[in-house]
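The structure appears below as structure tokens.
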Amino acid sequence: FSERVVCLDAGKIIANAAPSEVIKNPAVEKAYLGE
312 FSERVVCLDA
322 GKIIANAAPS
332 EVIKNPAVEK
342 AYLGE
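Add 311 to the 1-based position in the sequence shown for the working numbering, that's all there is to it.
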């Protein structure tokens, strides 16, 4: 498993943290799942 996850939206980093933190990030949720 990964210790860190980096999520991009339109080429910009919107999250760079542990997976447990990234899945709680509102910006990641909006970018990948919509509002």
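Glycine included, each C-beta is placed from N, C-alpha and C at the ideal position.
**Study point:** Residue range of the unbroken alpha helix (DSSP H) whose run includes residue 328
**Key:** Here residue 328 belongs to no alpha helix (DSSP H); instead the beta strand (DSSP E) covers 323–328.
Exercise for review: Evaluate residue 326 with the Cβ neighbour count: other Cβ atoms within 10 Å of its Cβ, from every protein chain shown; 16 or more gives buried, anything less gives exposed.
Suggested key: Around the beta carbon of residue 326, 16 or more other beta carbons sit within 10 angstroms, so the residue counts as buried.
Point to revise | Span of the alpha helix (DSSP H) around residue 346 | key: Here residue 346 belongs to no alpha helix (DSSP H), and DSSP marks it neither H nor E.
Practice item. Compute the distance between the beta-carbons of residue 316 and residue 330, then report whether it is under 7 Å. Key: Contact flag set, yes.
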